[in-house]
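**Q**
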Amino acid sequence: MLRILNTIVVLALIAAAGSVYHVKYESTLQAEKIAKLRGEIRQEKEAIAQLRAEWSQLTRPDRIQALASRHLALKSFDLDRLDRLDKLPDRPPPPGDPIGDMLDDMEPRDAINGAETGDGL
1 MLRILNTIVV
11 LALIAAAGSV
21 YHVKYESTLQ
31 AEKIAKLRGE
41 IRQEKEAIAQ
51 LRAEWSQLTR
61 PDRIQALASR
71 HLALKSFDLD
81 RLDRLDKLPD
91 RPPPPGDPIG
101 DMLDDMEPRD
111 AINGAETGDG
121 L
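Position 65 (the sequence shown) corresponds to 65 in full-length UniProt numbering; numbering is contiguous.
(1) Checking contacts by CB at 8 Å: is T7 closer than that to chain D?
(2) Nearest-angstrom Cα distance between K33 and Q57?
(3) So, L74 versus A66, is the Cβ gap smaller than 8 Å?
(4) Which residue comes first and which comes last in the alpha helix (DSSP H) that contains L72?
(5) Just how far apart, CA to CA, sit M102 and P95?
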């Protein structure tokens with residue numbers, strides 16, 4: 001009886017050691033994946049920073065002005081062409097309601113009804 005109990009305990013210890021080894025192996029594997037992902041994130045952040053620097057270089061106003069003057073046939077803008085806002089013409093009136101205007105032009109309904117019946121009700 002004692003031998004069976006010792007055998008069961010030894011087998012349980014071997015199973016526990018195997019499961020501990022498996023957990024250690026999986027945690028090491030996960031730690032390596034995390035390290036790899038952190039490296040990839042760092043590389044992507046560096047690439048984003050580089051692209052932002054390149055974008056700010058490409059969108060400099062003096063560079064765009066030089067490219068526009070070299071490649072586009074634009075006339076320079078004269079400031080004497082500007083005028084004050086109070087010299088603008090008045091805003092045109094809003095468009096009318098064509099159906100409402102037609103109804104206003106028609107005779108009132110009471111006058112038509114009173115003329116037909118003759119009693120003015």
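The beta-carbon is built from N, C-alpha and C at its ideal position, and this holds for glycine as well.
**A** Looking at the coordinates:
(1) Going by chain labels, chain D is absent from the structure shown, which holds only one protein chain.
(2) 36 Å
(3) no
(4) Per DSSP, L72 belongs to no alpha helix (DSSP H) and is neither H nor E.
(5) 14 Å
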